[in-house]
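Take a look at the structure below.
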Amino acid sequence: MINKVVSGAEEAIKDISDGACVMLGGFGLCGIPENCINALVAKQVKNLTCISNNAGVDDFGIGLMLKQRQVKKMISSYVGENAEFERQLLSGELEVELIPQGTLATRCLAAGYGMPAIFTPAGVGTEVAEGKEVRNFDGKDYLMEYAFDADFAIVKAWKGDTAGNLIFRSTSRNFNPVMAMAGKITIAEVEELVEAGELDPDQIHTPGIYVHRIFQGKNYEKRIEQLTVRK
Amino acid sequence: MINKVVSGAEEAIKDISDGACVMLGGFGLCGIPENCINALVAKQVKNLTCISNNAGVDDFGIGLMLKQRQVKKMISSYVGENAEFERQLLSGELEVELIPQGTLATRCLAAGYGMPAIFTPAGVGTEVAEGKEVRNFDGKDYLMEYAFDADFAIVKAWKGDTAGNLIFRSTSRNFNPVMAMAGKITIAEVEELVEAGELDPDQIHTPGIYVHRIFQGKNYEKRIEQLTVRK
Amino acid sequence: MFSKEEIAQRIAKEIKDGYYVNLGIGIPTLVANYIPNGINVVLQSENGLLGMGPFPYEGEEDADLINAGKQTITTLPGSSIFDSAMSFGMIRAQKVDLTILGAMEVSENGDIANWKIPGKMVKGMGGAMDLVASAKNIIVAMQHINKAGESKLLPKCTLPLTGVKCIKKIVTELAVLDILPEGGFKLLERAPGVSIEFIQQSTAGRLVVEGEIPEMRLD
Amino acid sequence: MFSKEEIAQRIAKEIKDGYYVNLGIGIPTLVANYIPNGINVVLQSENGLLGMGPFPYEGEEDADLINAGKQTITTLPGSSIFDSAMSFGMIRAQKVDLTILGAMEVSENGDIANWKIPGKMVKGMGGAMDLVASAKNIIVAMQHINKAGESKLLPKCTLPLTGVKCIKKIVTELAVLDILPEGGFKLLERAPGVSIEFIQQSTAGRLVVEGEIPEMRLD
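Top to bottom, those sequences are chains A, B, C and D.
Count the first sequence with the numbering used here and you get residues 9 to 239, in order.
Count the second sequence with the numbering used here and you get residues 9 to 239, in order.
Count the third sequence with the numbering used here and you get residues 10 to 228, in order.
Count the fourth sequence with the numbering used here and you get residues 10 to 228, in order.
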C-alpha cells in the first residue's frame with residue numbers, strides 16, 4: 009500500500025504558497041482542520057483564495073487567517089460570524105463570493121468525480137444566476153455550475169490510516185469528504201492515525217487514492233459555536 | 009422514525025406491473041437482489057425495461073426473467089454471459105442498449121442527486137456518442153448524458169434497519185447504493201434486518217430517505233461466477 | 010393574532026405521517042415542538058443528518074454533532090449521517106417532503122426573498138437557495154407585517170430574491186394563505202380575532218378571499 | 010518474440026512507485042505478477058475496490074468479493090470499498106495513474122477498438138470506454154498481428170472505436186511503441202531476435218524508426 013504519512017501540519021502545508029487556492033472542510037467550526045489552519049497562520053502565507061462553507065469566528069478557524077489578512081478571496085455559502093471579516097469586506101480588502109451551499113458541495117463533488125460542470129436549480133432567477141448559463145430540462149430551469157479547481161484541499165477526519173483512508177465522525181463529516189476528493193493535492197489531518205489494515209474497508213468514507221498527505225493532529229479544541237441544551 | 013418494513017419480496021414488488029422500468033443492483037451475480045428477482049419471475053410481469061450492469065446467467069439472476077421473456081429491453085454495460093440472452097438479441101425479441109459502465113453509474117447518481125444531466129468523456133468519438141450533445145470544457149470533449157428515470161430500483165444490501173438505512177458488504181456494494189438513490193420507488197432486500205438504532209449512523213451507506221420498502225430476504229445462494237483460487 | 014409559537018403550532022398541522030422535513034432557522038425550528046403524537050416524521054438537517062433529535066442534556070453535548078444552525082443536537086434511533094453533497098443531493102432529488110423556512114418578503118407569484126438586504130452586511134444564503142429551488146412543498150413561516158408596519162406579502166419582492174415561483178403556503182401571525190398557481194394570496198384561515206379587513210389591509214399583494222374564512226385552529 | 014507473460018513482464022517495468030493502476034482483463038491481469046519488489050502499487054478494480062489482493066486460497070473465496078472480471082479475489086491491508094459511481098468518479102478525475110488494457114486494434118493517432126466486432130455477438134464495453142476516455146496514461150497490451158497474420162497497428166481502426174486519441178504506449182510480442190502526439194507508432198524497443206524489418210512489415214500504420222532500437226529487456 010502507498011504510504012501517505014507526513015510528520016505534521018507544517019510539513020503537510022509546506023508547499024502552499026502565496027496566491028494558492030485552498031479548500032477547507034468543516035461546517036461552522038465543526039470538523040475544521042485546526043492543525044493545518046494554525047500552520048497556515050504560522051507560515052503567514054498570503055493572498056489565498058479560500059473555498060470553505062463558512063469563514064470561522066474572530067478568534068478561531070479561518071478567522072485566524074483573516075485577522076492576519078492572509079485571505080484575498082473567500083468562496084462560501086454563509087459568512088459574517090466574525091467582525092473582522094465584516095470590516096475587511098466592507099472596506100474592500102476582502103473579496104467574497106457567496107454561493108448556495110448545495111452548489112458549493114456539488115462543485116466539489118464534480119471535481120472529485122471528473123465532471124466539468126453540473127446542473128442545479130439553486131439560484132435560478134436570482135443574482136446568483138447572473139452571467140451563468142441557464143438550461144431547461146423537463147420544464148425546469150437549471151444553472152450550469154463548474155467544478156472547482158483548487159490547488160489544495162485540507163480536511164479533518166476522525167480516523168485515518170497510513171494509506172490515506174479516512175473515516176469521519178458524526179456531522180463533522182459535512183464538506184470534508186467532497187473536498188477531499190476535489191483537491192489537486194489533498195491534505196488530511198486526523199484525530200487518530202492507524203496502520204493500513206486497521207480500518208474496515210467497508211466503512212471508509214474517503215478512499216486513500218484521494219488523499220496525498222496524512223498526519224495525526226494534536227490539541228483539538230473542537231469549539232462549539234452554539235451550545236444549546238435542554239432542561 | 010418512519011417504518012419501511014414489508015413482509016417480503018412478494019409484497020415489495022406487488023405494484024411492479026407490465027411495462028415498468030426497473031433498476032436492479034449488482035455486478036455480475038455479486039450483490040443481486042435474488043429474492044425480488046425470484047418474485048418477479050413468479051409474478052410473470054412482462055415487457056419490463058431493466059437497467060442493470062449485467063443480465064445474469066442462463067439459470068440465475070436476470071437470466072431467469074429473460075428465460076420467461078419478461079424483459080423487453082435491457083440497458084446494461086456488459087451482457088451476453090448467457091445463451092438465451094444472445095438468442096433473443098439476435099432474433100430481435102430483446103432490445104439492448106449498451107452504455108459505458110461509468111455512464112450507467114453516473115446516470116444513477118444524477119437521478120439520486122437531482123441533477124438532470126451529467127457530462128462524461130466516455131464514448132466521445134464512438135457510436136455511443138451518436139445523437140448526443142458533445143460539449144468541450146477546457147479543451148476536452150464530453151457527452152451530455154441524462155439522469156435515469158426508473159419507476160423502481162431494487163437493491164440488495166447486507167444489513168438494513170426498519171427505517172430503511174442500508175449497509176453493503178464488500179464489492180457486493182457496486183451499483184446498489186447509486187440505484188437505491190435513483191428509483192422513484194426503491195425496494196431493498198437485506199440479509200439481516202435490524203431495529204432502527206442498531207446501525208451506527210456514521211456507517212450507513214444509503215440513508216433510509218432513499219428506501220421505500222425493506223425486508224429480510226432468505227435462502228441467498230450468492231453464486232460465484234468465476235471461482236478463482238491460488239495454490 | 011398569533012405568537013411565533015402559535016405560528017409554529019399551526020404549521021405543524023401540515024406535517025403528515027411519514028414526512029421527511031427540513032426546518033429552517035427561527036420560527037421553523039419551533040415547529041419540531043408541535044409535531045402531533047403518532048405522526049412519524051424525520052427531520053433533515055442539511056449539514057448532513059437525517060433524524061435530528063432534541064438538544065442534548067447539559068454535559069452531553071458533542072462538538073461533532075450539530076444542526077444547520079450550528080446548535081448542538083442529538084441523533085435518534087434510525088438516524089443517518091452523510092456528507093454535504095449527498096445532503097443537497099437528496100434535497101434536489103425532492104426526497105425531502107416538506108421544507109419550512111422564514112422569509113423577509115414573499116410575492117404573490119411565490120417568489121421569496123430571505124437572504125440579503127442591500128446596504129446591510131450580507132451573511133450569505135447558506136442552503137436556502139438550494140432548498141427553495143428544489144423542494145416540492147415549501148411553507149413559509151413569517152410575520153405578515155414588518156416592524157415599520159409594512160406588508161411583507163407583496164405584489165413583487167423588493168429585496169434580492171432567494172428563489173422564484175416556489176412558495177406554496179404562508180403562515181403568519183394573521184393568517185394562513187396559499188399562493189395560487191396563477192398568482193395571488195388565497196386567504197384560507199385567519200388568526201383568532203383578526204378580521205378579513207385587517208388582513209386585506211396588511212397584504213400589499215393581491216389577496217383572494219372566497220367564501221367563509223374560518224379562524225385558524227391549533228387543536 | 011515475446012510470450013503473453015513476457016509482454017506483461019515488460020509492461021510491469023512501466024509501473025512506478027506510488028502508482029494507482031487499473032488492469033484490464035487478459036494480458037493486463039498478468040502484469041500484477043511482475044510488479045518489482047519495493048514498488049508500492051495499488052490496484053483499482055472498477056467494480057469498487059482499491060487495493061486488490063491475490064486470488065483467495067481454496068475454501069477462502071467470498072462471493073461478495075470479486076474483481077471487475079468477476080473473479081474471486083482478496084483485499085489487502087489498506088484496501089477500501091466504494092460504489093460504482095465513486096469508482097468511475099475517481100477514474101474520470103484521473104486519480105488512477107495508469108490503465109493497462111487489451112485491444113483488437115490501435116491506430117497511429119491513438120484510437121483504440123476493443124469492444125465490438127460487427128456481425129458477432131456484442132457483449133458490451135463494460136468500463137473500457139470510461140477508462141480510455143479518462144485515463145491520463147494508457148498502455149495497451151496486445152498482439153502485433155492477428156491470427157490471420159494481419160497487423161493490428163493500423164493507420165485507422167476498422168472496428169467500432171472504444172476511444173479516440175487516447176493510447177500512449179503499446180507493448181506487443183514484437184515491440185514497444187509510443188504513439189507520437191502528431192501521429193505514428195514510434196518504435197522504442199524490439200523483442201529479442203525480432204528485426205526492425207519484421208516489425209515494419211507487421212505494422213500497417215506509420216512506423217517511425219529513429220536511431221538505434223535496443224532489444225527489450227525484462228530484468
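We put the CB at the ideal spot given by N, CA and C, even for glycine.
- Is D/F11 helix, strand or coil by DSSP? As a position in the fourth sequence, residue 11 of chain D is number 2, starting the count at 1. If DSSP states are grouped into helix, strand and coil, D/F11 belongs with coil.
- For A/E141 versus A/M152, is the C-beta distance shorter than 7 angstroms? For the purposes of this step, residue 141 of chain A is taken as the residue at position 133 of the first sequence. For the purposes of this step, residue 152 of chain A is taken as the residue at position 144 of the first sequence. A distance below 7 angstroms separates the beta carbons of A/E141 and A/M152.
- Task: Give a yes or no on whether 7 angstroms exceeds the smallest Cβ distance from A/P124 to chain B.
- Result: For this step, residue 124 of chain A is matched to residue 116 along the first sequence. It does: the Cβ of A/P124 has a partner Cβ on chain B nearer than 7 angstroms.
- If you draw a straight line from the C-alpha of B/R177 to the C-alpha of B/K12, how long is it? Translated into positions along the second sequence, residue 177 of chain B becomes position 169. Translated into positions along the second sequence, residue 12 of chain B becomes position 4. When rounded, the distance between both Cα atoms is 21 angstroms.
- Cutoff 7 angstroms; reference C/K125; Cβ partners in own chain excluding five residues on either side: Position 116 of the third sequence, counting from 1, holds the residue named residue 125 of chain C. If we look at C/K125 and ignore the five residues flanking it on each side, its Cβ neighbours are V131, L168 and P169.
- Given a limit of 7 angstroms on CB to CB distance, which residues of the stretch 137-163 of chain C reach chain G? Any reference to chain G falls outside this structure, whose protein chains are A, B, C and D.
- C/I188 and C/R199 look like a contact to me (Cβ under 8 angstroms); what is the Cβ gap, rounded to whole Å? In the third sequence, residue 188 of chain C corresponds to position 179, counting from 1. In the third sequence, residue 199 of chain C corresponds to position 190, counting from 1. In fact, because the Cβ distance is near 17 angstroms, the residues do not count as touching under 8 angstroms.
- Item | Range covered by the alpha helix (DSSP H) that runs through B/V186 | The residue given as residue 186 of chain B occupies position 178 in the second sequence. Unbroken alpha helix (DSSP H) run through B/V186: N184 to A190.
- Task: Classify B/M82 as helix, strand or coil using the three-state DSSP reduction.
- Result: Position 74 of the second sequence holds residue 82 of chain B. If DSSP states are grouped into helix, strand and coil, B/M82 belongs with the strands.
- Task: Under the assumption that A/A190 contacts A/F223 (Cβ atoms under 8 angstroms), give the Cβ distance between them as a whole number of angstroms.
- Result: Here residue 190 of chain A refers to the residue found at position 182 when the first sequence is read from its first residue. Here residue 223 of chain A refers to the residue found at position 215 when the first sequence is read from its first residue. Between A/F223 and A/A190 the Cβ distance is about 20 angstroms, and since that is not below 8 angstroms, they are no contact.
- Query: So, are the CB atoms of C/A72 and A/K230 less than 7 angstroms apart?
  - Reply: Here the question's residue 72 of chain C lines up with position 63 in the third sequence. Here the question's residue 230 of chain A lines up with position 222 in the first sequence. Yes, Cβ-Cβ distance for C/A72 and A/K230 is below 7 angstroms.
- Message: To test your reading of the DSSP string, which unbroken beta strand (DSSP E) runs of 3 or more residues are found completely within the stretch 12-56 of chain A?
- Response: Taking only runs of at least 3 residues, the beta strand (DSSP E) segments lying wholly in the stretch 12-56 of chain A are 29-32.
- Message: Along the stretch 77-97 of chain C, where does the CB come closer than 7 angstroms to a CB of chain B? Name the residues.
- Response: Those residues of the stretch 77-97 of chain C that come within reach of chain B (Cβ to Cβ, closer than 7 angstroms) are T84, L85, P86, G87, S88, S89, I90 and F91.
- Does DSSP classify C/K195 as helix, strand or coil? For the purposes of this step, residue 195 of chain C is taken as the residue at position 186 of the third sequence. Residue state, collapsed to three classes: strand.
- Message: Applying the 10 Å Cβ sphere with the 16-neighbour rule, what's the burial state of C/M10?
- Response: Start at 1 with the first residue of the third sequence, and residue 10 of chain C comes out as number 1. So C/M10 ends up on the exposed side.
- Using a Cβ cut-off of 7 angstroms, pull out every chain D residue sitting near B/P215, in sequence order please. In the second sequence, the residue the question calls residue 215 of chain B occupies position 207. The CB of B/P215 never comes closer than 7 angstroms to any CB in chain D; the least such distance is about 14 angstroms.
- What is the DSSP secondary structure of C/I126, counted as helix, strand or coil? Sequence index remark: in the third sequence, residue 126 of chain C carries index 117 (1-based). Note: C/I126 maps to coil in three-state DSSP.
- According to DSSP, what are the bridge partners of A/E200? Position 192 of the first sequence, counting from 1, holds the residue named residue 200 of chain A. Here A/E200 is bridged, per DSSP, to A/K167.
- Message: Strictly under 7 angstroms for the Cβ-Cβ distance: is B/N173 near chain C by that measure?
- Response: Taking the first residue of the second sequence as 1, we reach residue 173 of chain B at position 165. Taking a beta-carbon distance threshold of 7 angstroms, B/N173 counts as an interface residue toward chain C.
- Query: With DSSP run on the structure shown, which of helix, strand or coil describes D/K156?
  - Reply: Your numbering for residue 156 of chain D matches position 147 in the fourth sequence. In this structure, DSSP gives D/K156 a state outside helix and strand, which the three-state scheme calls coil.
- What is the C-beta distance between D/G111 and B/L106, in whole angstroms, given that I count them as a contact (C-beta under 8 angstroms)? Position 102 of the fourth sequence, counted from the start, is the residue given in the question as residue 111 of chain D. Position 98 of the second sequence, counted from the start, is the residue given in the question as residue 106 of chain B. About 18 angstroms separates the Cβ atoms of D/G111 and B/L106, ruling out a contact at the 8 angstroms cut-off.
- If you measure beta-carbon to beta-carbon, which residues of the stretch 90-109 of chain A are closer than 8 angstroms to chain B? So nothing in the stretch comes that close.
- Going along chain C, which residues have a C-beta under 9 angstroms from B/I10? The sequence position of residue 10 of chain B within the second sequence is 2, counting from 1. In chain order: D26, G27, Y28, Y29, N49, V50, V51 and G87.
- Compare the C-beta of B/G191 with all C-beta atoms of chain C and state if any pair is closer than 7 angstroms. Here residue 191 of chain B corresponds to residue number 183 of the second sequence, with the count starting at 1. Proximity of B/G191 to chain C, defined by a Cβ-Cβ separation below 7 angstroms, is not satisfied.
- Have a look at C/R215 and C/I222 and give me their C-alpha separation to the nearest angstrom. Residue numbering aside, residue 215 of chain C sits at position 206 when the third sequence is read from its first letter. Residue numbering aside, residue 222 of chain C sits at position 213 when the third sequence is read from its first letter. Rounded to the nearest angstrom, the two C-alpha atoms are 16 angstroms apart.
- Task: Could you please give the first and the last residue of the uninterrupted beta strand (DSSP E) stretch that includes C/P86?
- Result: On the third sequence, position 77 is the one that residue 86 of chain C refers to. Looking at the DSSP string, the run of the beta strand (DSSP E) that includes C/P86 is T84 to I90.
- Query: Looking at the C-beta of C/K129, does it have a partner C-beta in chain A at a distance below 7 angstroms?
  - Reply: Within the third sequence, numbered from 1, the residue matching residue 129 of chain C stands at position 120. So no, C/K129 is outside the interface.
- Message: Ignoring anything shorter than 3 residues, give me the beta strand (DSSP E) runs that lie fully in the stretch 82-114 of chain B, in order along the chain.
- Response: If we require 3 residues or more, the beta strand (DSSP E) runs fully inside the stretch 82-114 of chain B come out as 103-106.
- Please check the pair C/A122 and C/S160, which I expect to be a contact at CB under 8 angstroms, by giving their CB distance rounded to whole angstroms. Along the third sequence, read from residue 1 onward, the residue named residue 122 of chain C stands at position 113. Along the third sequence, read from residue 1 onward, the residue named residue 160 of chain C stands at position 151. About 13 angstroms; that fails the 8 angstroms criterion.
- Task: Could you tell me whether the Cβ atoms of A/C58 and A/M82 are closer together than 7 angstroms?
- Result: For this step, residue 58 of chain A is matched to residue 50 along the first sequence. For this step, residue 82 of chain A is matched to residue 74 along the first sequence. The answer is yes: Cβ separation under 7 angstroms.
- the stretch 151-167 of chain B: positions lying closer than 7 angstroms to chain A by Cβ: Within the stretch 151-167 of chain B, contact with chain A at the beta-carbon level (separation under 7 angstroms) is assigned to no residue.
- Could you tell me how far apart the beta carbons of C/S89 and B/P215 are, in whole angstroms, since I believe they sit closer than 8 angstroms? Residue 89 of chain C sits at position 80 when you count from the first residue of the third sequence. Residue 215 of chain B sits at position 207 when you count from the first residue of the second sequence. The beta carbons of C/S89 and B/P215 sit about 4 angstroms from each other, so the pair counts as a contact at 8 angstroms.
- Query: Shortest alpha-carbon distance to D/S12 belongs to which of D/E191, D/N31, D/Q152 and D/V115?
  - Reply: One-based indexing of the fourth sequence puts residue 12 of chain D at position 3. Across the set D/E191, D/N31, D/Q152 and D/V115, the C-alpha of D/Q152 shows the shortest separation from the C-alpha of D/S12.
- Task: Determine the extent of the alpha helix (DSSP H) in which D/M99 is found, giving its start and end residues.
- Result: The sequence position of residue 99 of chain D within the fourth sequence is 90, counting from 1. For D/M99, the enclosing alpha helix (DSSP H) stretches over residues S93 to R101.
- Query: How about the stretch 12-32 of chain B and the stretch 57-76 of chain D: do they share at least three Cβ pairs that are nearer than 8 angstroms?
  - Reply: No, the stretch 12-32 of chain B is not in contact with the stretch 57-76 of chain D.
- Query: Going by alpha carbons, who is nearest to D/Y28 out of A/E103, A/M9 and A/I40?
  - Reply: Working through the fourth sequence from its first residue, we reach residue 28 of chain D at position 19. The candidate whose alpha carbon is nearest that of D/Y28 is A/M9.
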